[in-house]
Amino acid sequence: MTKHAKITLSGARDIPFSALMLSQANVRRVKAGVSIDGLAADIERRGLLQSLTVRAQRDEEGNETGRFEVPAGGRRFRALQQLVKQRRMAKTEPVPCIVRDDDVVSAEEDSLAENVHREPLHPLDQFRAMQKLVEQGSDIETVAATFMVTPAVVKQRLKLADVSPKLHDIYAEDGMTLDQLMAFSVASDHARQEQVWDMLQTSHNVQPWFIRARLTEDKVRASDKRVRFVTLEAYLAAGGHVLRDLFESDDGGWLEDVALLDRLQTEKFATEVAAIAAEGWKWVEAATDFPYGHTYGHRPLEGEEGPSSEEDEARLEALREEADRLEDQWAGEDEIPDEVAARIQAIDEEIAPLVSKPLIYDAAEVAIAGAFVSIDVDGSLHIERGFIRPEDEPAEVTDDAEPAADEGEPDQDRAGDGAEDDENGSADESADEEDPDDLLRPLPDRLVTDLTAHRTLALRDAVASSPLVAFAAMLHALVLETFYTYATSGSCLGIAMRSNRLIGYGTGLNDTASAKAIHERHESWSARLPDDTTELWTALTAFNADEQAAIFAHCVSFGIDAVWEPATQYNQGRVSARAVANRIEHSHILARAANLDMVAAGWTATVTNYLGRVTKPQILAAVEEACGADVAGRLGGMKKPEMASAAEELLQGKGWLANPLRTPEPAIAADQDPANDDEAADTDGHDGEAIDAVAAE
Numbered sequence: 092m093t094k095h096a097k098i099t100l101s102g103a104r105d106i107p108f109s110a111l112m113l114s115q116a117n118v119r120r121v122k123a124g125v126s127i128d129g130l131a132a133d134i135e136r137r138g139l140l141q142s143l144t145v146r147a148q149r150d151e152e153g154n155e156t157g158r159f160e161v162p163a164g165g166r167r168f169r170a171l172q173q174l175v176k177q178r179r180m181a182k183t184e185p186v187p188c189i190v191r192d193d194d195v196v197s198a199e200e201d202s203l204a205e206n207v208h209r210e211p212l213h214p215l216d217q218f219r220a221m222q223k224l225v226e227q228g229s230d231i232e233t234v235a236a237t238f239m240v241t242p243a244v245v246k247q248r249l250k251l252a253d254v255s256p257k258l259h260d261i262y263a264e265d266g267m268t269l270d271q272l273m274a275f276s277v278a279s280d281h282a283r284q285e286q287v288w289d290m291l292q293t294s295h296n297v298q299p300w301f302i303r304a305r306l307t308e309d310k311v312r313a314s315d316k317r318v319r320f321v322t323l324e325a326y327l328a329a330g331g332h333v334l335r336d337l338f339e340s341d342d343g344g345w346l347e348d349v350a351l352l353d354r355l356q357t358e359k360f361a362t363e364v365a366a367i368a369a370e371g372w373k374w375v376e377a378a379t380d381f382p383y384g385h386t387y388g389h390r391p392l393e394g395e396e397g398p399s400s401e402e403d404e405a406r407l408e409a410l411r412e413e414a415d416r417l418e419d420q421w422a423g424e425d426e427i428p429d430e431v432a433a434r435i436q437a438i439d440e441e442i443a444p445l446v447s448k449p450l451i452y453d454a455a456e457v458a459i460a461g462a463f464v465s466i467d468v469d470g471s472l473h474i475e476r477g478f479i480r481p482e483d484e485p486a487e488v489t490d491d492a493e494p495a496a497d498e499g500e501p502d503q504d505r506a507g508d509g510a511e512d513d514e515n516g517s518a519d520e521s522a523d524e525e526d527p528d529d530l531l532r533p534l535p536d537r538l539v540t541d542l543t544a545h546r547t548l549a550l551r552d553a554v555a556s557s558p559l560v561a562f563a564a565m566l567h568a569l570v571l572e573t574f575y576t577y578a579t580s581g582s583c584l585g586i587a588m589r590s591n592r593l594i595g596y597g598t599g600l601n602d603t604a605s606a607k608a609i610h611e612r613h614e615s616w617s618a619r620l621p622d623d624t625t626e627l628w629t630a631l632t633a634f635n636a637d638e639q640a641a642i643f644a645h646c647v648s649f650g651i652d653a654v655w656e657p658a659t660q661y662n663q664g665r666v667s668a669r670a671v672a673n674r675i676e677h678s679h680i681l682a683r684a685a686n687l688d689m690v691a692a693g694w695t696a697t698v699t700n701y702l703g704r705v706t707k708p709q710i711l712a713a714v715e716e717a718c719g720a721d722v723a724g725r726l727g728g729m730k731k732p733e734m735a736s737a738a739e740e741l742l743q744g745k746g747w748l749a750n751p752l753r754t755p756e757p758a759i760a761a762d763q764d765p766a767n768d769d770e771a772a773d774t775d776g777h778d779g780e781a782i783d784a785v786a787a788e
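Here my numbering is used: the first residue of the sequence shown is 92, the next is one more, and so on.
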């Protein structure tokens, strides 16, 4: 057995800095990324923690010169050199050194070994060390300055240090990645963190986004309109806590105390509603959201804009001039400074109440009308004032008609088909005598009916000979039904739309891009239409052809019903299965003609509108179609709530549509022969040309 000689360590000496010089044997030649300033500041704070490795300098004869070269520790030497140049350390200050005198091991090998044989600190040890410093009394800014990092980095490290110790142990043994540990830091509940980790052991999906989704699924996003209404500041002041993700964009974080948020919303909502009710309305309905079409059948009041004061007009003019000046100054620039962008936004917010003052209503009408109060998507209060319910409409007052006969006796002419002769063919003798009052009496009902029947036939013939008048008549009827839902029909045309108001179909319809576009278009036309239906014909005929076509299309759109109804309603006599199938098929024709794009319309699958309402196989089928079989396979072992939430994340931005939202390609008959197209066109004659013209239009 070979006996090894015991090693002898090199001795340590304190050598004046002035006797040291950098050796050419130092292997670190690339200076990129090497920080001297930070190390110098650290040495000034705590002194030199690691000695320099030096070798005695020798002349050509091999004699020591009294100076020492530094082959290992060049970065520390340069930091000390900088301190000397800045007069923060004396050049004669003794420096702890390990003096090497070894002919077997070269100086280059010493330099290489010192840089290679070093083990970086495990991230977990760094997290815990920073946490210990804070616990000892150091603030985050001091720790950040000491270790040359930003306070945000220190906060991230502290967040990671606050994760469950059980998960720390797993991370230390390489049982999870750093990205996964970052995802767990979004929550502060150690038990929930460990529960989610245990769940991942039977799941195909262990991605960080999935971990975040599980830890925040029972929280409320800070971007939620309820939070914007209450304000995050008020929630925090009431003792609420917000989860923040320091490693990913979190849109403001998540609110943990949902019950507190609901209470604050209810209290603030009640205060706002009480202020509106104090305006004198008969009723005020309040809800976070109202169903689509909730004002249908209510007559809107026509209010008047309140007068603007001279101060308001002057302020408005000044704000507009400032906005124009800023826009001209920064027009064409790729980036606008944050303070300029903030000022422009502040100007817009100040202008808004100056140009859109609340309408002033007649006090008598306010007493029978009401208002709807809800929360808009930006968290502001959405108030719809001035709607009268049908049952609150005042009774119409009409002048009493003269009695048809003296002493209230029934008028024989209005009782039946008119005055009839007796069986002998003789009438009342007084009938031959002229009575001046006869000219003032109303005509018999039957006679009026017969005469107007003749007029109706003639009117039909006249309108049929004038397509423009026919179009105007139909447009008039449609506008009456679309815009004057609270009034009785004012048209003689027996045409009406079977309008489906989409009331009671799910939630969130009011917030869709389609609903907002329809509402804006409807309000724009409403502003151009008269209040009195008797003036509507004149207003419509004053529109040019393009305007008439545009409002015609708007009104027709309200008659579209492409809603599928389940079979249970067929038995109630509402509609047959065949009728529903036919209208759905026709909706596909309209969708293709109008280039309907549900993705562009803003629909995307969420837990609320689809994924939480279908089976697990249907969720997996959606993910597989949008993201591939491998991605769908990772969700297979999840419970349905987790699967639906994970699928929502995966489907974002993929453009996937549920089958009822898709427009199929037109079916081509199997026996259709393209060679017969010419013959078919010939047999269609002018009717085919007319259809083609309509399609082209």
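Positions of the beta carbon are idealized from the N, C-alpha and C atoms, including for glycine.
Item                                                                                                                                                                           : Value
Give the DSSP-derived three-state secondary structure of residue 509 in the structure shown.                                                                                   : Confidence at residue 509 is low in this model, with a pLDDT of 43, below 50, so its placement is unreliable and the value that follows should be read with caution. Three-state DSSP puts residue 509 in coil, outside helix and strand.
Quick one: using the 10 Å Cβ neighbour count with 16 as the cut-off for buried, is residue 436 buried or exposed?                                                              : exposed
Going by C-alpha distance, which of 406, 135 and 688 is nearest residue 439?                                                                                                   : 406
Tell me whether the beta-carbon of residue 162 lies closer than 8 angstroms to the beta-carbon of residue 114.                                                                 : yes
Determine the extent of the alpha helix (DSSP H) in which residue 320 is found, giving its start and end residues.                                                             : 316-321
If we require 4 or more residues per run, which alpha helix (DSSP H) segments fall completely within the stretch 701-731?                                                      : 707-718 and 720-724
On the criterion of 16 or more Cβ atoms from any shown chain inside 10 Å, does residue 100 qualify as buried, or is it exposed?                                                : exposed
Go ahead and pull the three-state DSSP assignment for residue 470.                                                                                                             : coil
Taking residue 444 as the reference, which of 358, 413, 428 and 404 has the closest Cα?                                                                                        : 404
Comparing alpha-carbon positions, which option in 140, 155 and 141 lies nearest residue 147?                                                                                   : 155
Are residue 586 and residue 464 touching if we call contact CB-CB under 8 angstroms?                                                                                           : no
Counting only beta-carbon atoms, is residue 268 nearer than 8 angstroms to chain C?                                                                                            : Annotation note: the requested chain C is absent from the structure, which comprises a single protein chain.
Between 409, 222 and 215, which lies nearest to residue 267 when the distance is taken from Cα to Cα?                                                                          : 215
Going residue by residue through the stretch 105-175, where are the continuous alpha helix (DSSP H) segments of at least 4 residues, counting only ones entirely within it?    : 128-137
Measuring alpha carbon to alpha carbon, tell me which of 301, 287 and 352 ends up nearest residue 311.                                                                         : 352
Let me make sure I understand the geometry here. Which of 243, 305, 419 and 701 has the alpha-carbon closest to that of residue 338?                                           : 243
In three-state DSSP terms, what is residue 428?                                                                                                                                : coil
Contact defined as beta carbons within less than 8 angstroms: I believe residue 448 pairs with residue 396. What is the distance between those atoms, to the nearest angstrom? : 6 angstroms
Is residue 421 near the ligand FMN, judged by its Cβ being under 7 angstroms from some heavy atom?                                                                             : Of the ligands one can find in the structure shown there are none, so the ligand FMN has no counterpart to examine.
Should residue 296 go down as buried or exposed, given a rule of 16 or more other Cβ atoms within 10 Å for buried?                                                             : buried
So, with DSSP's three-state summary, where would you put residue 188?                                                                                                          : strand
Between the stretch 420-430 and the stretch 377-385, do three or more beta carbon pairs fall short of 8 angstroms?                                                             : no
What separation, rounded to the nearest whole angstrom, lies between the Cα atoms of residue 480 and residue 753?                                                              : 38 angstroms
When DSSP labels each residue in this structure, what does residue 376 get in the three-state scheme?                                                                          : strand
First and last residue of the alpha helix (DSSP H) that includes residue 602?                                                                                                  : From DSSP, residue 602 is part of no alpha helix (DSSP H); its letter is neither H nor E.
Quick check on the burial criterion: 16 or more other C-beta atoms within 10 angstroms. Buried or exposed for residue 141?                                                     : exposed
Return helix, strand or coil for residue 391, following the three-state DSSP convention.                                                                                       : strand
Would you list the residues sitting across from residue 345 in a DSSP beta bridge?                                                                                             : 312 and 334
Sort 245, 275 and 247 by Cα distance to residue 259 and report the nearest one.                                                                                                : 275
Counting pairs of Cβ atoms below 8 angstroms between the stretch 738-751 and the stretch 681-700, do you hit three or more?                                                    : yes
Would you decide whether residue 476 is buried or exposed? Buried here means 16 or more other CB atoms lie within 10 Å of its CB.                                              : buried
Tell me the DSSP secondary structure of residue 283 in three-state form.                                                                                                       : helix
With distances taken between CB atoms, is the gap from residue 607 to residue 470 smaller than 8 angstroms?                                                                    : no
Where DSSP assigns a beta bridge to residue 478, which residues make up the other side?                                                                                        : 391 and 461
Can you tell me the Cα-Cα spacing of residue 478 and residue 633, whole angstroms?                                                                                             : 29 angstroms
Would you list the residues sitting across from residue 451 in a DSSP beta bridge?                                                                                             : 395
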